[in-house]
Structure formats: C-alpha cells, structure tokens
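Residue 772 is where the sequence shown ends in numbering that gives the first Met the number 0, and the numbering goes up by one at each step. Have a look at the structure below, then the notes.
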Amino acid sequence: MNAPLQEPSRRRLPRLAGLRSVLPRNRKEFLAVAISFGSTLGAAAIIDTAFNVILPVIPIGLTIAVALFLLSAGWLRRRELPPIPPVSAAHRGFPPPVNPLIGREAEASEVIDRARKRGLVVVRGGAGIGTSALAVNTGWRLAPETDRQRYADLRGQDRDEPEDTLSVAERVLRTLGCPLGPIESVEGAAHQVFSALRDNGHVLLLDNVERWSQVAWLPRHVPGSWVIVAGELKADADDTVPPDVSVVQVGLLDGRDGEALLRSQIGAERIEADPFATERLTNLFLRRPAITVGIGRWLTENPQVTIATLVADLEQGPHDHTLQMLLAMQLRRVRPAARRLLALLAHAPLAELGVDGAAALADGSEDDVERAMEQLSEHGLVEKVRESRVRVVDAARAIVAPPEDWDAAWQRLVERFADRADFFAERLHRDEARLWFGIEDKALLQILKTRQPPPWAAGPLWRIADALEVWFVLEQRHKERGEAARALAHAAKALGDTDVRATAELRLCLITLALGAPRVAQEHLNSAAALQDGIGSWPAQLHLARAATLLATGDEFAAVESSLVQYGQSLPGGDLVGQATRWINMAVLQIRRGQVCGFEGREDEANRLYADALGTLVQALGIAEHADDVHAQAHSRELLALVHWYLGRAYDAAANWEESVQLYERAGDTMGQARCQVHQAAALPEQRHGEAARLLRSALPRLPTTGVSTALARLHLTRVEPRNAQRHREKGLDALAPWDGIAEPLQVTEIRRRLRSLPSPELPVSGTLHDPA
C-alpha cells in the first residue's frame, strides 16, 4: 500500500529556467527545468522498418528518424511509471435520482423503451426544464446497481466555450476506465467505448451535452449496454442530430404537474389556502421545474409569506428573470461568508472548483468553506458536481457584484494550484497524484490560458505549464500538450519573458515533430532560435531540436552531425542522460547514412556503418542503464533490434524488440510500443500474415494520423490485407501529406513511391510478398 500523500507546502520552486539547463541538479528542482531533452532524434518515429518479407526491392530496408518524443522533466525521464489504473467506480456513479419524478413518467418510459430497442437515446431539452433529472432517473431504472453506472458531466471549465470533441472523448474514456493513450481519431475512441461496454449491462450517461458534434462519434448500438445523452444539444446547419438517432424531447410541464411538483415541497394546506393565487402562480411560473423548485424552496423557508404575496412580488419583475429574482431573495438568507464565497466563485474564470480551490479563493479554512458551500447549495445558488465540487448556477451569476478583493483572491488560487501541481507532478508514480491531475488538469489549463496575466503570475504560470507538460506527456495527450505550450507562449509574450517564450516554441516544435508535421515544426524551431542569441550560445536543447528537424526534412547529414556535436558540447558535466542521448542520436545518424548507402548499392559501406552503430548503441545502453533512464533504454533496444536485423541476426533483433516493448510500457510511451509492433509485424515470415495484421491494426490507433510510422504501417497492411489494399494506400499517402511541397528524406520519397505503385483496385494483387528478383 502506498503511504498517504502529505499536504503540499507553500514552497516556491525555482522559476522555469527557460532554455538554460538540461537536467535538474536534484529531484526537488526538476520543475525548474523548462524542457529536458532526454530522448533520441528518432523518438517519435525512430526507425521504421520495411523488410523484404513485406516490401520487395528495398535492398537494406527503410528507416527514418523524424522527431523527438521528449519528456519535459528529468525526474519523469529517470523513473519508470506503472500503467495508469482505472478510476474507481465510486467516481463514476450517477447523481442521486429525483423522486418522485413528477410530470415526466411518459417521457421516462419512452427513454427506457428506446434505449432498450436502439442502444443510444438522446434526452433533449433546454436549461431548467429537468432534462438531467429525467436522464438520471431513467439511468437508475436501467441500472439500479451502482457498479453498472458510468456517468460523466461534460461541462468544461470554460463557461463560454463547450468542450471540443476530443476532450469529450477523453472524458468518456476516463469514465469507462480505459487507459488513456493518444486519442488521434474519434473512430478509435468509439471502438474503445464499444469494447468497454459490450455485453456488461452498463449504462453510460453523458450529461449536459451542449452540441451533438461533441458525441456524434459514439457507437449507435452496443449489445448488452445502453448510452443516454442528455442536454440542450443546440443545433445549427452543420451540427444537427441525425434522423437515425432516437430523440426524446423534454418540454415544459403542464400546469397540473407544476402544481403537483410544488405541492410535493410545501404541503397541500398552504396551496389550498388561496386557490386563486395558486392558479395564477401555476399559470405564470410553474412550467419550468427549476423555477418551481426555487419557489418551493423559498416558500418553505418563509412560512409566514402567502402565495398571493409571492405572486405579487414575482409579477413586478420580468418573467424571463424569475429565477434570478428567487435566487436574489435566497441570497439574503445566507451568511456573509457564504455570500462572499458566491461572489468569488461567480467571478472566477473556472466554472467549477473543489473545496481546496474555494478555500484558496476565500482565504479560509477548508471546513469553513465547505460549510459555506453547503449553505449555498441548500439555497439553490450553487450545484454540486463530481468529486465534491460546485458550480455556480448560471442565474446566480447576475445577482452578485465582483468582489473588491478579487485580485488578491485570484493570486491565492493560482499560487495554490501551482503548489499542488508541483507537489503531484513529483509523485506521478502514485495513484493519488494521477487521480488529482485527472480531476484538475483542465482547471490548470484554463488558468494557464489567462488572456492578460498580471506580472505576479509569471512564476506560478511557468510551474503550472511544466507540471502539465509532464502530465500530458505521461498520458500521451499531444493535443493538450499543444494547448498548454501555446498558452505558455502567449503568457510569456504578454509578460515579456523571451526565455520562457522560446521554451514554449521549442515544445511546440517537438510536439509537431512527434505528430508528423515537419513544416510546422520548422516554423516553431525558427521562432525559438530567433528568441535566443547567436547559434554559438544556443542551449543544448535547441541544437538537438535542430538536428531532429533537419532529419525530418531531408538527408543533410553533415548539418545534423554538426548540431549533434554542438549538443554534446553544450551538455553540463555529469549529465548521464544527456550523454546517452548523444550516443543514441549518433547511432541514428550512422543508421540513416547506412540506409542511403544501401539505396545507392554500396552494401559494404552500409554494413560497416551498421556495425559502427551497433557499437555506439551498446555504449549508449550502458550509460542509460547506469542513469536508470527507462526511456533511453527502450530507444537503445529498439535501435539495437533494427541494426541486428540489418546484419542478419534475426534472433537478437526479436529479443531486443521484445525488451523494448516492455521498457516502453514501463515508461508509459504508447507510441514507442506501437512503433515496435510495426517492426515486429514487418519481420514476421510470409506465412504469418494474420499475426502481422493483428500487430499492425493494434499499432495504428496509438500512432499519429500523419507521419512515417503510420505510412509504413499502412504500406505493410496493403500486403497482409490485400482486400483492403486501396484503403490502406490512400491513408498511407495521407499520412505523408505534411511533406507535400517541402524537402523530404529519401525514405519518405521511397515510401510514397511504393504506395503509389500499388495495383489499382480493378487489377489483381500478387499473392507473393517476396522480391521477384
């Protein structure tokens, strides 16, 4: 059992160091490192194989090193991390059901019937009319056992912008307990949802969906389970619910049901005391459950007030602001501390906060803040959401003025999140740390996106950016990595910090390289370089990124070698991981040169270069093992396997690939695992087509949609799945699109030629996989 995590202190770690250092001097300082390049030039798609058993007429195989898959903190690089465990079911159950569900029995029966017949059903209705209550109630009826319930509230931290599709997919997969790899396509996410739900009797309830496009990727029918989508689902010309999806529309209550709902709250005798006033109240105000509940709550807390008096008061205001009026009356009944907390929460750019964040805002104890949150909830001013968090009811935002001490409150909140991010980022090997980031990562990202950061925010924002980079790298969430890096670049520009801005641009370079976009990577590299002094004073990281970008856009080996020499000269003394990285990169360069020699028919020179690479990699592996860097070990093993294969040592190649797969799993690098699967599939003999196809299909969802690894996987699949060869051919060419119109390595040119030379659909595909020569 892990020991419990201790509360983080309000210490101040050194500010983000821009591009000035490569490795932290000690574990406590790892977040001071802006971006530590502890990987290889070939880390995102190190070396992709194309052997004669799969691709004919390529004498020595086909490889490419196009990007760096780099981790941003030395500590994370040096520690192996166990797989991320599924979130416990306690965090996924439905909210409590509304009982009795007055006025919605017909709709509830319809939802249940359609779910059982169609699998997926949409419960659609505007705000305040009980859409979520109906969906939750029917979810409980379909799955009364909590271990069969899967619930996600899809409202994000930005009140003005709904969560995008990939963010929603990520939230859904987390809710289902799926391990989070890179979500490069919604088709892959849909397949994971189907596999997670099939034949287990679960109900997946996605609440507060704003637009159909957020969930349009979901499978329409999963045998043995049901999916309920609830929310407004606002429609426009390009985002409508298709006719094949079953929709249950939730409308206003009729007068009798509205009165019955009110009667369930305040008792019959009070309603019957003045039938005329009750009828007028019903006709004017009891059609929306949210308003009816608000009226019932207010009447319950004010037993001396008659319904006639309340009607008269409500009629004085605009009917479209009735709920605001009711909440304003409720606000007068809460304590000053709760009133101040509501003002702070309503003004915060984060849509929801837990007790810890609210306590930082209010500068109070968690116990006092929790009591204030409970009082606000009892009066309908906030609503409770997942993991003991609250959101301010939209109508309540208009009834509180911005707090006078807002700037100080916001500073406390940002610094608190920065401290927590520091603390948990250093402990990502612990379940509690990963659970915290899983809950708060979008809040951290929203803080980082502050459009006009004040001067005091520089240090906390840089620390939040570092922590997010570590977390998103661990989960292979490159889209969010890019968002965080762009937000960091904006904040650094606004605050005039050129070092940090260069760091952000360099991160964007590495991310786009990993995703197979060399043109964009070059632009970010140029931006980072322009923010630094002359090349002679560049930090090590910039030299390494330049070498990787050069390899991605051509075969300028002399320039790459020069960058690697400058990288080695820039490393601080005693940096074992940096030295391992240098040797691995030199081996990559030797392999690439060997490949070009092979293309040109200089076999002896190619084999000499492969033998040299073998010796270089043995040295690199020894240093990586001494440094306890699992990621560097994995890359060394992957490259060793490739060189062994080129030298005709199939047994050694297979053993090193197997070891590399295990190391990548320990490092949490799903892309590395996928690359090795492509290697392994390519090395299988002709008679094992089925096994090769399974490996390649398993690898594709974990590879980016563009890039050489993806193109090669598609090229291999054209041979082992000839019936789908044309589809794989088209997708393979699409994966090479980032090189259209720019310089490209010989390997990219050859893959493109191979894909284009495949037989057309109307011509038979040859049954042999061997070179006819």
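A virtual CB, placed ideally from N, CA and C, is assigned to each residue, including glycine.
Original post:
Rounded to whole angstroms, how far is the Cβ of H727 from the Cβ of A681, which I believe are closer than 8 Å?
Top reply: For this step, residue 727 is matched to residue 728 along the sequence shown. For this step, residue 681 is matched to residue 682 along the sequence shown. Not quite, the Cβ-Cβ distance comes to about 14 Å (not below 8 Å), so this is no contact.
Original post:
Leaving out the 5 sequence neighbours to the left and right, which residues in its chain are closer than 8 Å to A742 when beta-carbon positions are compared?
Top reply: The residue given as residue 742 occupies position 743 in the sequence shown. Closer than 8 Å at Cβ, skipping near neighbours: T552 and G553.
Original post:
Leaving out the 5 sequence neighbours to the left and right, which residues in its chain are closer than 7 Å to N199 when beta-carbon positions are compared?
Top reply: On the sequence shown, residue 199 is found 200 positions in, with the first residue counted as 1. Excluding positions up to five away in sequence, the list reads G223 and S224.
Original post:
At which residue ranges does the stretch 583 to 639 contain complete alpha helix (DSSP H) runs of 4 or more residues, listed in the order of the chain?
Top reply: 602 to 625
**OP:** Assign G41 to one of three DSSP states: helix, strand, or coil.
**Re:** As a working note, residue 41 is residue 42 in the sequence shown. Note on G41: pLDDT 40, under 50, position unreliable in the model; the coordinate value appears next. G41 falls in the coil class under three-state DSSP.
Subject >> N- and C-terminal bounds of the alpha helix (DSSP H) containing E743 >> reply: Numbered from 1 along the sequence shown, position 744 holds the residue referred to as residue 743. It is not in any alpha helix (DSSP H) - E743 carries neither H nor E in the DSSP assignment.
**OP:** Scan the stretch 269 to 313 and note each continuous alpha helix (DSSP H) run of 4 residues or more that stays entirely inside, going in chain order.
**Re:** 274 to 284 and 288 to 300
**OP:** Taking only the alpha-carbon atoms, compute the straight-line gap between W435 and E664 and give it to the nearest angstrom.
**Re:** Working through the sequence shown from its first residue, we reach residue 435 at position 436. Working through the sequence shown from its first residue, we reach residue 664 at position 665. Their Cα atoms are separated by approximately 22 Å.
**OP:** Kindly list the residues whose CB is nearer than 7 Å to the CB of I265, restricted to its own chain and excluding five residues on each side of it in sequence; keep chain order.
**Re:** Taking the sequence shown and counting its residues from 1, one reaches residue 265 at position 266. Closer than 7 Å at the Cβ level, and outside the excluded window around I265, lie G295, L298 and T299.
**OP:** Identify whether I534 lies in helix, strand or coil by the three-state DSSP scheme.
**Re:** For this step, residue 534 is matched to residue 535 along the sequence shown. Looking at I534 - three-state DSSP - the assignment turns out to be helix.
Original post:
Considering only C-alpha positions, which residue in the set L575, G647 and E599 is nearest to Y609?
Top reply: In the sequence shown, the residue the question calls residue 609 occupies position 610. Closest by alpha carbon: G647.
Original post:
Does the beta-carbon of Q451 have 16 or more other beta-carbons within 10 angstroms, so that it is buried, or is it exposed?
Top reply: Translated into the one-based positions of the sequence shown, residue 451 becomes position 452. Flag for Q451 reads exposed.
**OP:** Determine which residues share a DSSP beta bridge with R149 and list them.
**Re:** By one-based count along the sequence shown, residue 149 stands at place 150. Its beta-bridge partners are L203.
Original post:
At what residues does the beta strand (DSSP E) containing Q248 begin and finish?
Top reply: Numbered from 1 along the sequence shown, position 249 holds the residue referred to as residue 248. First-last of the beta strand (DSSP E) with Q248: S245 to Q248.
Subject >> Contact set for R396: own chain, Cβ-Cβ below 6 Å, skip 5 residues either direction >> reply: Taking the first residue of the sequence shown as 1, we reach residue 396 at position 397. Correct list, in chain order: A345.
Original post:
Should V304 go down as buried or exposed, given a rule of 16 or more other Cβ atoms within 10 Å for buried?
Top reply: Start at 1 with the first residue of the sequence shown, and residue 304 comes out as number 305. When all chains shown are included, V304 counts as exposed.
Subject >> Check whether A503 and A520 have beta carbons under 8 Å apart >> reply: Here the question's residue 503 lines up with position 504 in the sequence shown. Here the question's residue 520 lines up with position 521 in the sequence shown. The answer is no: Cβ separation not under 8 Å.
Original post:
In angstroms, rounded to a whole number, what distance separates the CA positions of V576 and A189?
Top reply: Position 577 of the sequence shown holds residue 576. Position 190 of the sequence shown holds residue 189. Taking the straight line joining both Cα atoms gives about 39 Å.
**OP:** Note down, in chain order, each residue of its chain lying with its Cβ closer than 7 Å to the Cβ of A736, except the 5 sequence neighbours on either side.
**Re:** Along the sequence shown, read from residue 1 onward, the residue named residue 736 stands at position 737. If we look at A736 and ignore the five residues flanking it on each side, its Cβ neighbours are T705.
Original post:
Pick from L639, G127 and T580: whose alpha carbon is nearest that of H625?
Top reply: Mapped onto the sequence shown, residue 625 falls at position 626. Minimum Cα distance to H625 is reached at T580.
**OP:** With a floor of 3 residues, list each beta strand (DSSP E) that falls wholly inside the stretch 386 to 463, ordered by position along the chain.
**Re:** 388 to 391
Original post:
Looking only at DSSP bridge pairs, what is G230 linked to?
Top reply: By 1-based counting over the sequence shown, the position of residue 230 is 231. R123, per the DSSP bridge assignment.
**OP:** Can you give me the Cβ contacts of L757 inside the same chain, cut-off strictly under 7 Å, excluding the 5 residues immediately before and after it?
**Re:** As a position in the sequence shown, residue 757 is number 758, starting the count at 1. Around L757: T717, A724 and R728.
**OP:** Tell whether a beta-carbon distance below 8 Å holds between E258 and T277.
**Re:** The residue you call residue 258 lines up with position 259 of the sequence shown. The residue you call residue 277 lines up with position 278 of the sequence shown. Yes. Within cutoff.
**OP:** Can you grab the Cα-Cα spacing for the pair V202 / R210, in whole Å?
**Re:** As a working note, residue 202 is residue 203 in the sequence shown. As a working note, residue 210 is residue 211 in the sequence shown. The alpha-carbon atoms of V202 and R210 are separated by roughly 21 Å.
Original post:
Thinking just about the alpha-carbon of each residue, which of S561, R117, T615 and L205 is nearest to the one in E162?
Top reply: Against the sequence shown, residue 162 aligns to sequence position 163. Out of S561, R117, T615 and L205, L205 has the C-alpha closest to the C-alpha of E162.
Subject >> Closest residue to S376 among R338, D404 and D603 (Cα-Cα distance) >> reply: Taking the first residue of the sequence shown as position 1, residue 376 is located at position 377. Ranking R338, D404 and D603 by Cα distance to S376 puts R338 first.
Original post:
What is the C-beta distance between Q156 and F93, in whole angstroms, given that I count them as a contact (C-beta under 8 Å)?
Top reply: Your numbering for residue 156 matches position 157 in the sequence shown. Your numbering for residue 93 matches position 94 in the sequence shown. The Cβ separation is near 22 Å, so there is no contact.
**OP:** Give every residue of the same chain whose Cβ lies closer than 6 Å to the Cβ of R755, excluding the five residues on either side of it in the sequence, and list them in chain order.
**Re:** Locating residue 755 in the sequence shown gives position 756, where the first residue counts as 1. Taken in chain order, the list of residues that qualify is empty.
**OP:** Less than 8 Å between the CB atoms is what I'm expecting for A633 and L662, so what's the real figure, rounded?
**Re:** Residue numbering aside, residue 633 sits at position 634 when the sequence shown is read from its first letter. Residue numbering aside, residue 662 sits at position 663 when the sequence shown is read from its first letter. So it is a contact: roughly 4 Å between Cβ atoms.
**OP:** Using 10 angstroms around the beta-carbon of F275, count the other beta-carbons present and answer buried if the total reaches 16, otherwise exposed.
**Re:** Here the question's residue 275 lines up with position 276 in the sequence shown. Exposed is the call here.
**OP:** Determine the contact status of A107 and N136, defining contact as a CB-CB distance below 8 Å.
**Re:** Locating residue 107 in the sequence shown gives position 108, counting from the first residue. Locating residue 136 in the sequence shown gives position 137, counting from the first residue. Yes. Within cutoff.
Original post:
What first and last residue would you give for the alpha helix (DSSP H) that runs through V368?
Top reply: Looking up residue 368 in the sequence shown gives position 369. Element bounds for V368: E365 to E377.
Subject >> Candidates L505, L447 and G740, of which the one nearest H489 by Cα >> reply: Taking the sequence shown and counting its residues from 1, one reaches residue 489 at position 490. That would be L447, whose Cα lies nearest to the Cα of H489.
Original post:
Apart from the five residues just before and just after R103, which ones in its own chain have a Cβ nearer than 6 Å to its Cβ?
Top reply: The sequence position of residue 103 within the sequence shown is 104, counting from 1. Only L133 meet the Cβ criterion.
**OP:** Please report the residue range of the alpha helix (DSSP H) in which V381 lies.
**Re:** By one-based count along the sequence shown, residue 381 stands at place 382. Note, V381: premise wrong, no alpha helix (DSSP H); beta strand (DSSP E) at V381 to V384.
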